[in-house]
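Residue numbers (the numbering used here): 146 to 365.
Even for Gly, the Cβ is constructed at its ideal location relative to N, Cα and C.
Report on the structure given below.
In structure tokens form, the structure reads like this:
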């Protein structure tokens, strides 16, 4: 190669200084995308199979990632399901933390309970797994679950300070509201023909809030 065909030193130096995608950042993006696709495919298969009765091979076919890639990221099927639970719980926690206080504690609490209702019914496999673990006394996502609990407790404390709890203390009112939310989710999941719309769930919550306030009035 002649000297005239070589780029000048200045041009070579400038080319070397041009920004390039960092390999580490690119690999991290690829890792996050692979995990997202695999977890979404896992949830889809669990819905189809009504549980964890699917093979890693079928997951590989569904996700487009090889079985060795699945094992690389998640270890085994238990690790895969744990990761799915952790990701979904963290996503719900993000949603609840994103609900900014409005100055109306009842509206804030209603928004959180409706977010739980909608998320749980949109991710029914996740919800069933969570209920199963709860009955067994297991908690595999302590950090994310603590975030959710903190959001609900803060909303309940503000609701209690508003004086709208009626004759109930914060703990009792929280149990009543949770029982209603749990029942609404269970009804939609187990009775799809019932056609429980979000608006009906909201009206059920409003009726409960109104009932609490009315009990306070009648007890005075």
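What is the rounded straight-line gap between the Cα of residue 265 and the Cα of residue 330? 7 Å
What would DSSP say about residue 340, mapped onto helix, strand or coil? coil
Would you tell me roughly how many angstroms separate the C-alpha atoms of residue 357 and residue 347, rounded to the nearest one? 16 Å
For my contact list, residue 293 and residue 241 are in at a C-beta cut-off of 8 Å; report their separation, rounded to the angstrom. 6 Å
Can you tell me which of 313, 169, 260 and 315 puts its alpha carbon nearest to the alpha carbon of residue 327? 260
Enumerated in chain order, which unbroken segments of the alpha helix (DSSP H) with a length of 4 residues or greater are wholly contained in the stretch 269–323? 269–281 and 287–306
Please classify residue 339 as buried or exposed, where buried requires at least 16 other C-beta atoms within 10 Å of its C-beta. exposed
If you draw a straight line from the alpha carbon of residue 295 to that of residue 251, how long is it in whole angstroms? 17 Å
Anticipated Cβ contact below 8 Å, residue 341 with residue 332, distance rounded: 6 Å
Could you tell me the distance, in whole angstroms, from the CA atom of residue 300 to the CA atom of residue 337? 30 Å
Can you tell me where the alpha helix (DSSP H) with residue 169 in it begins and where it stops? 168–194
Are residue 225 and residue 215 closer than 9 Å when you measure CB to CB? yes
Quick check: what's the CA-CA separation for residue 177 versus residue 167? 16 Å
Straight-line CA distance for residue 269 to residue 291? 21 Å
Tell me whether the beta-carbon of residue 308 lies closer than 9 Å to the beta-carbon of residue 315. no
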